[in-house]
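Student: After the structure tokens below, expect a handful of questions from me.
Chains as they are written, first to last, in this note's numbering: chain A, 18 to 225; chain B, 27 to 564.
Next comes the structure, spelled out in structure tokens:
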């Protein structure tokens, strides 16, 4: 016999729409909270990235913003590559095969191409630290320039101040444009970068 | 209200508000980098062996407007569900250098999914995931999943696209329900999904024949479906800061500066609360005229922020050392706001090194009383604001609430784009970093306070009235701090002065950041004046 903990779903209620509007202005997405104590935050960051001279590591030093553009602290992090040849970043995996609506395989095994660690310090000096695997891609553009993108699936390891003892997960989706291949240019390479970061956080007082 | 009518009402409401919502345009690295944010809600279902979860979700824009559906499958890579409760050790703290160690955290799941938007276009993606199970104080659980996914293909407007995406989902499991027990469980779930997509027409697929750009295609704005909030498409105005800046050690700190072009130096000095970004569209037009040098004042822009008191005197000493270290000579100074006070004072102390003076929205003399600030016919409201800045409220207003920056944005003569605002705010993200802005507001020489600044401004004001160095005053009417009273004073007291009204149409809105509104006119005016008055002048 199946157990259901799901209510029949009929779309958002009016009050939810209004609550969500208010939240999005503050860079939160209340409509995507699974539970009242869960915080769902979205921030974007803008700053500089730098490769190591052997191109195995990248560090980011970023300023963080709410969706409204209001500054909200900073972000630093390190990306460590797991691939040997940057040309691996050019080819996407094969499309998945159906079914996508049933709890069954096959699900392609796509190994991560990088490991990451990072800290996000909000405007009130509270911070969360997280680590996790990442995928990366190089995308050549029509004018011979290109975009280098990174997407991370991260688990929050610790936090400070209001996030001291907090738990949760986060994602980071970054991008940088360049008219050269940062992996083939000699020496350390600096570049402008932007990320969009989403957090699901449960503070210490709300979990066991 | 019937459900159909309610749905229509709900979507109309969402439409009405959606234009007001903030966008993520500023998260795009390039106009071809389309950033899309959606959230989904629906149900998830476990397979009997608990190895798979399938999601069937409705998708929404942030406005709450429905925008298609999402389906996907999660496949567990762990044997013991207790793995989901683990919290890895925090990483070693070095985050600001490109080096390890970076913890190796293996994925706990793999995923595949499709997101079908309201117009029928779709994106498919696969990738690794982390999962986490958190027990709440009431005994219930939140089960979370985060995915790092590669876009494999698309349909409709996303046919042939490339990119990455992320998905961050959660479901609440009531106390007493065993998600991983023997029974088949379905549950309510929600996700936030973010996409970075490069459409086919911009993507040069290295594994197929290049499609090439389609001339009729409109380049999507970063942020994809979101509204344009700026007007930086005006001729000659770019939000980009395309310079490879240099750094020089000055008084044990590093000052960042632009150094472009060749010839006699043209030294650009910004004011408060800006940085060399202010000059980006001017410098690009003047590199053929001279060597364009634009420092970020200490504590501002990309210069260091040493623990100093950021008085006028301190700023001046850093600037003086900066000019000396670069061995600049035969300088044409281009000055704005507090940069004018610093530049005028430096010129008054080193007239032999000056070829000419260009200034706009400048401080040409002290303000003997509050009624003179910034001019007798200025709005009282402006005085009240600055009185508040210089009172005990100032810290709250400028440092905590960032009001000075917001007020400055209103004086650009046009709505600045998100990207431009981001650049301007880049150096001032923390409260501590905004203390320099507060100090500048408190250094304005009004009614004899502060006395040392009043003395220095008086000194250079006298110099300006005596020197025969060629001068160019760029202005609009009304200005924000250089109003008709000062214009008349300049007319009456300065010799070899050329004035250029950048907008002879009598505007009603005061403009302080003239560089944001009239970059090409400023370039043209400086070029013409320089060639007429400064070329060959030693």
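Where is the CB? At the ideal position from N, CA and C, for every residue including glycine. From a predicted model like this one, the values you see are computed outputs, not experimental measurements.
(1) For residue 241/B, count neighbouring Cβ atoms within 10 angstroms of its own Cβ and tell me buried if that reaches 16, exposed if not.
(2) Which residues of chain A have a Cβ atom closer than 7 Å to the Cβ of residue 58/B, listed in chain order?
(3) Once DSSP output is grouped into helix, strand and coil, what is the label at residue 208/A?
(4) What do you reckon, is the C-beta of residue 98/B under 8 Å from a heavy atom of the ligand ADP?
(5) For the alpha helix (DSSP H) that residue 558/B lies in, which residues bound it at each end?
(6) Taking the Cβ atom as the reference point for each residue, do residue 59/A and residue 63/B lie within a distance shorter than 9 Å?
(7) Check distances from the C-beta atoms of the region 75–86 of chain A to those of chain B and list, in chain order, the residues that come in under 8 Å.
(8) For residue 197/A, would you say it is in contact with chain B, using Cβ-to-Cβ distances shorter than 9 Å as the test?
(9) Can you check DSSP and say which residues form a bridge with residue 93/A?
(10) Identify the residues that DSSP records as bridge partners of residue 187/A: which are they?
(11) Less than 7 Å between C-beta atoms, sequence neighbours within five positions excluded: which residues of the same chain meet that for residue 267/B?
(12) On the three-state DSSP scale, how would you describe residue 247/B?
(13) I think residue 187/B touches residue 138/B, with their Cβ atoms under 8 Å apart; what is that distance to the nearest whole Å?
(14) If you reduce the DSSP assignment to three classes, tell me which class residue 194/A lands in.
(15) Name the DSSP beta bridge partners of residue 148/A, please?
(16) What does residue 178/A reach in chain B if we use C-beta pairs closer than 8 Å?
(17) Mapping the DSSP letters down to three states, classify residue 349/B as helix, strand or coil.
(18) Should residue 216/A be flagged as near chain B, meaning a C-beta pair shorter than 9 Å?
(19) For the region 136–166 of chain B, enumerate the residues whose C-beta is nearer than 7 Å to any C-beta of chain A, in chain order.
(20) Residues of chain A with a CB under 7 Å from the CB of residue 349/B: which are they?
(21) Please go through the same chain and pick out, in chain order, the residues whose beta-carbon is closer than 7 Å to the beta-carbon of residue 134/A, but skip the five residues on each side of it.
(22) Quick check: residue 105/B and residue 76/A, are their CB atoms within less than 9 Å of each other?
(23) Can you find a CB in chain A that lies within less than 9 Å of the CB of residue 193/B?
(24) What are the residues in the region 165–184 of chain B lying within 7 Å of chain A by C-beta distance?
(25) Determine the extent of the alpha helix (DSSP H) in which residue 364/B is found, giving its start and end residues.
(26) Check the Cβ-Cβ distances between residue 422/B and every residue of chain A, and say whether any is below 9 Å.
(27) Only counting the same chain, and skipping five residues up and downstream in sequence, which positions put a Cβ closer than 6 Å to that of residue 223/A?
(28) Just to confirm the assignment, what range does the beta strand (DSSP E) spanning residue 103/B have?
(29) Quick one: residues in its chain with C-beta nearer than 8 Å to the C-beta of residue 224/B, no 5 flanking neighbours on either side, listed in chain order?
(30) Relative to chain A, which residues along the region 306–336 of chain B have a C-beta separation below 7 Å, given in chain order?
(31) Identify the contact partners of residue 82/B in chain A, using a Cβ-Cβ distance below 7 Å as the criterion.
(32) Could you give the first and the last residue of the continuous beta strand (DSSP E) run that contains residue 467/B?
(33) Thinking residue 495/B and residue 383/B are a contact (beta carbons under 8 Å), I'd like their distance in whole angstroms, please.
(34) Determine, for residue 162/A, whether the minimum Cβ-Cβ distance to residues of chain B falls below 9 Å.
(35) Need the endpoints of the beta strand (DSSP E) that residue 285/B sits in, please.
(36) For the pair the region 404–423 of chain B and the region 482–499 of chain B, tell me if three or more CB-CB distances fall below 8 Å.
Tutor: From the atom records:
(1) By 1-based counting over the second chain, the position of residue 241/B is 215. Because the pLDDT of residue 241/B is 29, which lies under 50, any placement of that residue in the model is unreliable, and the question is left without a value.
(2) Along the second chain, read from residue 1 onward, the residue named residue 58/B stands at position 32. Against chain A, a Cβ distance below 7 Å from residue 58/B picks out 158.
(3) Numbered from its first residue, the first chain carries residue 208/A at position 191. Strand, per DSSP.
(4) With respect to small molecules bound, the structure shown includes none, and the ligand ADP cannot be examined in it.
(5) Position 532 of the second chain, counted from the first residue, corresponds to residue 558/B. It is not in any alpha helix (DSSP H) - residue 558/B carries neither H nor E in the DSSP assignment.
(6) In the first chain, counting from the first residue as 1, residue 59/A sits at position 42. In the second chain, counting from the first residue as 1, residue 63/B sits at position 37. Yes, the pair counts as a contact, with Cβ atoms nearer than the cut-off.
(7) Against chain B - using a Cβ distance shorter than 8 Å - the residues of the region 75–86 of chain A are 75, 76, 78, 80, 81, 82, 83, 84, 85 and 86.
(8) For the purposes of this step, residue 197/A is identified with residue 180 of the first chain, where counting begins at 1. No, its Cβ sits nowhere closer than 9 Å to a Cβ of chain B.
(9) Counting from 1 along the first chain, the entry for residue 93/A is found at position 76. Checking the DSSP bridge columns, you'll see residue 93/A partnered with 78/A and 136/A.
(10) The residue you call residue 187/A lines up with position 170 of the first chain. Per DSSP, 171/A and 216/A.
(11) Against the second chain, residue 267/B aligns to sequence position 241. Hits under 7 Å: 303, 306 and 449.
(12) To locate residue 247/B, count along the second chain from 1; it is residue 221. For residue 247/B, the predicted model reports a pLDDT of 33, less than 50, meaning its position is unreliable and no value from the coordinates is stated.
(13) Locating residue 187/B in the second chain gives position 161, where the first residue counts as 1. Locating residue 138/B in the second chain gives position 112, where the first residue counts as 1. Cβ-Cβ separation between residue 187/B and residue 138/B: approximately 17 Å, too far for a contact (criterion under 8 Å).
(14) Your numbering for residue 194/A matches position 177 in the first chain. In the structure shown, residue 194/A adopts extended strand secondary structure according to DSSP, grouped into three states.
(15) Here the question's residue 148/A lines up with position 131 in the first chain. According to DSSP, which records beta bridges pairwise, residue 148/A is partnered with 134/A and 172/A.
(16) To locate residue 178/A, count along the first chain from 1; it is residue 161. Taking a Cβ-Cβ cut-off of 8 Å, residue 178/A has no neighbours in chain B, whose nearest Cβ is about 14 Å from it.
(17) As a working note, residue 349/B is residue 323 in the second chain. In this structure, residue 349/B counts as helix in the three-state DSSP scheme.
(18) As a position in the first chain, residue 216/A is number 199, starting the count at 1. So, interface residue.
(19) Taken in chain order, the members of the region 136–166 of chain B whose beta-carbon sits within less than 7 Å of a beta-carbon on chain A are 136, 137, 138, 139, 140, 150, 152, 153, 154, 155, 156, 158, 160, 161, 162 and 163.
(20) As a first step, residue 349/B must be located in the second chain, where it is residue number 323. Close partners of residue 349/B in chain A (Cβ separation under 7 Å) are lacking, with about 26 Å as the shortest Cβ gap.
(21) Numbered from 1 along the first chain, position 117 holds the residue referred to as residue 134/A. Contacts found: 94, 95 and 148.
(22) As a position in the second chain, residue 105/B is number 79, starting the count at 1. As a position in the first chain, residue 76/A is number 59, starting the count at 1. At least 9 Å separates the beta-carbon of residue 105/B from that of residue 76/A.
(23) Indexing the second chain from 1 puts residue 193/B at position 167. True, the Cβ-Cβ gap to chain A drops below 9 Å.
(24) Within the region 165–184 of chain B, the residues whose Cβ lies closer than 7 Å to any Cβ of chain A are, in chain order, 168, 170, 172, 173, 174, 175, 176, 177, 178 and 179.
(25) Translated into the one-based positions of the second chain, residue 364/B becomes position 338. The continuous alpha helix (DSSP H) containing residue 364/B extends over residues 364–375.
(26) The sequence position of residue 422/B within the second chain is 396, counting from 1. Interface residue (Cβ-Cβ distance to chain A less than 9 Å): residue 422/B is not classified as such.
(27) Translated into positions along the first chain, residue 223/A becomes position 206. The residues are 54.
(28) The sequence position of residue 103/B within the second chain is 77, counting from 1. DSSP places residue 103/B outside any beta strand (DSSP E), giving it a letter other than H or E.
(29) Along the second chain, read from residue 1 onward, the residue named residue 224/B stands at position 198. Excluding positions up to five away in sequence, the list reads 58, 59, 60, 187, 188 and 189.
(30) If the cut-off is 7 Å between Cβ atoms, the region 306–336 of chain B has nothing near chain A.
(31) Taking the second chain and counting its residues from 1, one reaches residue 82/B at position 56. Per Cβ cutoff of 7 Å: 118.
(32) Mapped onto the second chain, residue 467/B falls at position 441. No beta strand (DSSP E) holds residue 467/B; the alpha helix (DSSP H) holding it covers 461–469.
(33) The sequence position of residue 495/B within the second chain is 469, counting from 1. The sequence position of residue 383/B within the second chain is 357, counting from 1. Their Cβ separation, rounded to whole angstroms, is 6 Å, which keeps residue 495/B and residue 383/B in contact under 8 Å.
(34) Here residue 162/A refers to the residue found at position 145 when the first chain is read from its first residue. Interface flag for residue 162/A against chain B is set, since a Cβ pair is found closer than 9 Å.
(35) To locate residue 285/B, count along the second chain from 1; it is residue 259. Taken as a continuous stretch (DSSP letters only), the beta strand (DSSP E) holding residue 285/B covers 279–286.
(36) As far as the Cβ criterion goes, the region 404–423 of chain B does not touch the region 482–499 of chain B, which means the pair count is below three.
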